[in-house]
Each structure stands twice: as structure tokens, then as C-alpha cells.
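*Asks:*
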Amino acid sequence: MSETTKRTYPHGTAVEPLYTSGPQNNPGFRAQPWWTMVQEHLVEKEFAANDWALERLNHGASGLLFYLTDEHYLPRILKDIQLEYINLGLVIEGSGPAVMEALLHHAHNEIIPASKLRGFINIDPVEIAARTGIWHEEKMYELGE
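Written out as C-alpha cells, the structure is:
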């Protein structure tokens, strides 16, 4: 394995990974990049999910995506995670509004204004059915909340 990150195409053009330097003319580069390096995790135990998330953030992830239910205790999952610096995605089985309320309470307790939070909450029953193989008709009605 080579010690250098620089590569050369057969026709002679040198290429470096984006994280070492950008192109000389800097097209499209912004102070806040439009892309996020997301790691995803199916939450079974809150403390284990938190340990996993902190480890991924320490290794360069700039976003986290959790698959969880409304029965999980969100503050345990998000403990010591600086939400204002990452993109957070939550795919919910159960009550999406309850999880959103829990997220906003957690942010308030951590003194993080809602305007600093970036991410999404997904309560798509079709996606849940495709992933789990179980269709929940009642979840269709939560979309209106």
C-alpha cells in the first residue's frame, strides 16, 4: 500500500482526496459543506447507541442517522453529542411527534436553540414497512400531526 494520498490518472492528471485539499479554483466550496458524512445505526440499547455514535463522531462522521422507536429514551442516545455541530437524522417507528418533542426538550436542556439543529425526522410508514416487513395502518394517520 502506498504512503501517499496523491494519485495520477494514466493520462497524467494528478488527483488528491478532497480532505487533503480542494481544487485550485475552489468551485462550489462553502464554509458549511452541502454534503455530510453520515453513519447509521439501528438502536436497540440507548447506551450502546450513544457509545457507537461518539466513536463514529471521533472518527470523522459529521452526521448520525438513528433508526429508533418512540419508546427509546432520546437523551441517553444523544448524551455528550454536540447537536449544533452535526446533522441528525431520526427514522421513527411509532409516534414521530413524541420523538420530535423529546428532541426539542433535550436541546432546550442542553441550551441549544432549535435554530441550530440540523437534520430530519422521518415517520414514513411505507419505509418502515419496507424495512421491517410489517404494515401499520394506524401510522398513516400520524402523518397529519
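My numbering applies: residue 7 is where the sequence shown begins, and numbers increase by one.
Heads up, the beta-carbon is just placed ideally off N, CA and C, and yes, glycines get one too.
#1: Where DSSP assigns a beta bridge to alanine 20, which residues make up the other side?
#2: Determine, using beta-carbon pairs with one atom in the segment 89 to 100 and one in the segment 68 to 77, whether at least three such pairs fall under 8 Å.
#3: How many angstroms separate the CA atom of isoleucine 87 from the CA atom of leucine 63?
#4: For leucine 110, count neighbouring C-beta atoms within 10 Å of its own C-beta (all shown protein chains included) and say buried if the count is 16 or more, exposed if not.
#5: Quick check on glycine 139: buried or exposed, where buried means 16 or more other Cβ atoms within 10 Å of its Cβ?
#6: Smallest Cα separation from proline 103: which of Lys85, Ser68, Asp130?
#7: Quick check: isoleucine 83 and glutamate 133, are their CB atoms within less than 9 Å of each other?
#8: With distances taken from CA atoms, which of His114, Glu90, Ile127, Ile118 is nearest valine 105?
*Replies:* Reading off the structure:
#1: Bridge partners of alanine 20 according to DSSP: Thr14.
#2: yes
#3: 9 Å
#4: Counting the other Cβ atoms within 10 Å of the Cβ of leucine 110 gives fewer than 16, which makes it exposed.
#5: Classification of glycine 139: exposed, given that the 10 Å Cβ count is below 16.
#6: In this structure, Asp130 is the residue among Lys85, Ser68, Asp130 with its C-alpha nearest to the C-alpha of proline 103.
#7: Glutamate 133 is positioned such that its CB atom lies no closer than 9 Å to that of isoleucine 83.
#8: Ile127
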